[in-house]
Structure formats: C-alpha cells, structure tokens
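In the working numbering, the protein residues as written are 1314 to 1538. Beta carbons: idealized from backbone N, C-alpha and C, even for Gly. In what follows, a single structure is set out as structure tokens and then discussed.
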C-alpha cells in the first residue's frame, strides 16, 4: 500500500512517538518494535496517542506487563488509547477479543501503572523454500499378502515445504515469547524438520499396512502429509 508506506515515512515529523516495521525479510518471523519519534520516553512504556503502523504481510500484538491486550491483523495506522483496549482490527472472532478484555480488567484491577509495554510485529507472509531431508533411511515395511512374505526397505526423503503464522497470539505465547530483538526463522527450522521426520515413520506404517509399495510413495504425498 503506497499511501500507507508514505504516511509511515513522515510519522517522525508529525507524531512524538510511533512504532513501525517497514518490512520483514523472510528469515525473520517476529520483530520487537523500537519506539521512534522526536520525544521518546521509556522504551517499554507506550504513551497515550502513540501511532502504530501495520503493513501488508504483518500482524501486530501489544503486550502489557506480560499480557496480550491488543492485536491487529489488518494493515493500517492505529492510535493507542491507554484508557481501554481497542482491539484495533483483527480477523479473530469475539472469543479471543473477550479473552483480551478479561486480561485488561485484570490489569486495571491491579491498580498499578504499566511499566512494561511492548509491540511485536509478526511476519504473516508464506515462508517458502524450507528444505528437509532424512539423514538416515526411514524403515518401510513391504508386505506381499498373496505370497505370505514381507521385508523392510529403507526410504530416504527430501523436499521443500512452506508455512505461515496464522495466529500471532498463539505463536507469541507458545513459541517466541518476550524476545528482545528478533525471532529468526532458523530458531524454528530445526524443530519443524524434527517434527516432520518424527511423523514420517507412523505415516509410512499406515501406508504400508494398506499394501502400497515403497515405489508408489511419490503418488501418496497427501497421505504422507
């Protein structure tokens, strides 16, 4: 969006404090926003009226004392209102918004001013060209029921997969957490590849039990997935 990009580039001249992430490369999944502007206060305290820019291919969450209180999954320029959570804009339904409202009530009832507020940007574009391969052969049982015989062969697999972050709140709570700078793609790659390889053997077992030969596996990609 050219208009949005142009507006964000002039924020420093018009607003005292703002948050913006111009772009997220494919090797960065999460970025902790740095406060910008003319009159920056404490790095982890967001002042009333601060502007937060969300570009295409990004999502944003705001964390107040460890609790997610704001989320935006649509591009735009948003204004922070310290009096109430705005829930900016989101593709999530009412359920998750109600969760945030309950979190906000807990914060208000605590009776203390916020001392740690953070803005995180999430890369919601498809993360492509993720290569995988089996270091060791995966056992595949060949069964010839008509002959009453079976034997095991070793199958090596390699390929490319893609993924994308569809729930930034879940990703924050379960994976990235309170990062100080960025959460790189490489931090997740090892786990994803390991989980994929771990899932191959039971998938092979199920396919083998149906009488399919190992040389037919390329035709059964949907079943392996």
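- Here residue 1440 has 1339, 1475, 1476, 1477 and 1498 as same chain residues with Cβ atoms under 7 Å from its own Cβ, once five neighbours each way along the sequence are excluded.
- Counting along the chain, residue 1430 sits inside no alpha helix (DSSP H); it lies in the beta strand (DSSP E) bounded by residues 1430-1436.
- Here residue 1455 is actually not in contact with residue 1468; their C-beta atoms are around 10 Å apart, not less than 8 Å.
- In the displayed model, residue 1480 falls within coil according to three-state DSSP, outside both helix and strand.
- When rounded, the separation of the alpha-carbon atoms in residue 1496 and residue 1372 is 14 Å.
- In this structure, the alpha-carbon of residue 1345 lies about 43 Å from that of residue 1532.
- For residue 1515, there is no enclosing beta strand (DSSP E); the enclosing alpha helix (DSSP H) covers residues 1499-1522.
- For residue 1377, the secondary structure class from DSSP, reduced to helix, strand or coil, is strand.
- Annotation for residue 1391: the continuous beta strand (DSSP E) segment containing it runs 1389-1392.
- Where residue 1342 is concerned, the enclosing beta strand (DSSP E) starts and stops at 1341-1345.
- Counting the other CB atoms within 10 Å of its CB gives residue 1391 a total of 16 or more, which places it among the buried residues.
- In the same chain as residue 1348, and ignoring 5 residues on each side of it, the C-beta atoms closer than 7 Å to its own belong to 1330, 1332 and 1356, in chain order.
- The C-beta of residue 1512 has fewer than 16 other C-beta atoms within 10 Å across all chains shown, which makes the residue exposed.
- Taking the Cβ atoms as the reference, residue 1342 lies roughly 7 Å from residue 1501, within the contact range of under 8 Å.
- Secondary structure of residue 1364 (DSSP, three-state): strand.
- Separation of the CB atoms of residue 1384 and residue 1481 is rounded to 7 Å, and the pair is thereby assigned contact status at 8 Å.
- Counting only the Cα atoms, residue 1431 lies some 20 Å from residue 1369.
- Cβ-Cβ separation between residue 1337 and residue 1436: approximately 4 Å, consistent with a contact (criterion under 8 Å).
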